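Q: Dropping the structure in here first, questions after.
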Amino acid sequence: MGLTKSERRNRIRRRIRKVSFGTAERPRLSVFRSNKEIYAQVIDDTTGKTLVAASSRDKDLSKAKGTKSEIATAVGKALAEKAIKAGVETVAFDRGGYQYHGRVKSLAEGAREGGLKF
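Next comes the structure, spelled out in structure tokens:
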């Protein structure tokens, strides 16, 4: 019998995390996607601290109307704004085992539009 969806995603996630590591100069932009919401955070793995976080549940974004992909783009832009205020310009993108497609791609494009480089 094959792997379940979540087991497969976790296997891919572990494979990605072997390579992707966030430093103070270039932290990791981690994405988590649930059925309804999307969450993103910029993490410095050397200290284990989350520098900046944004999600579709934030007060200013929770009232936003549109498709899930449009909301993901808005989350990416909001995250980029917060990151630039915190002094972060370049990040390493960690898709968290999800395909770079749909909402994950929209969030990444929104972050790029907001001024992050990766």
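Residue numbers (the numbering used here): 41 to 158. All residues carry an ideal CB built from backbone N, CA and C; glycine is no exception. Only a predicted model underlies this, so the values are computations on that prediction, with no experimental measurement involved.
1. What is the DSSP secondary structure of residue 43, reduced to helix, strand or coil?
2. Roughly how far, in whole angstroms, is the beta-carbon of residue 75 from the beta-carbon of residue 137, given that I think they are within contact range, below 8 Å?
3. Got a sec, what are the start and stop residues for the alpha helix (DSSP H) residue 131 sits in?
4. Quick one: using the 10 Å Cβ neighbour count with 16 as the cut-off for buried, is residue 123 buried or exposed?
5. Going by C-alpha distance, which of 126, 57, 135 is nearest residue 78?
6. Answer with buried or exposed for residue 59, where buried requires no fewer than 16 other C-beta atoms within 10 angstroms of its C-beta.
7. Out of curiosity, what's the CA-to-CA distance linking residue 117 and residue 101?
8. Alpha carbon to alpha carbon, how far is residue 81 from residue 94? Give it in angstroms, no decimals.
9. For residue 111 and residue 96, what's the separation of their Cα atoms in angstroms?
10. Within the same chain, show all residues whose beta-carbon is closer than 6 Å to that of residue 90, passing over the 5 residues directly before and after it, in chain order.
11. In angstroms with no decimal places, state the Cα-to-Cα distance between residue 156 and residue 127.
A: For this structure:
1. Coil, per DSSP.
2. The beta-carbon distance between residue 75 and residue 137, rounded to whole angstroms, is 16 Å. This is too long to meet the 8 Å contact definition.
3. Run containing residue 131: none; DSSP gives neither H nor E here.
4. So residue 123 counts as buried.
5. Restricting attention to 126, 57, 135, the CA atom closest to the CA of residue 78 is found in 135.
6. With fewer than 16 Cβ atoms within 10 Å of its Cβ, residue 59 is classed as exposed.
7. Distance between the alpha carbons of residue 117 and residue 101: 11 Å.
8. Rounded to whole angstroms, residue 94 to residue 81 spans 6 Å at the Cα level.
9. The straight-line gap from Cα to Cα measures roughly 7 Å.
10. Its chain contains 81, 83 as the residues whose beta carbon lies nearer than 6 Å to that of residue 90, once the 5 sequence neighbours on both sides are disregarded; these appear in chain order.
11. Approximately 11 Å between the Cα atoms of the pair.
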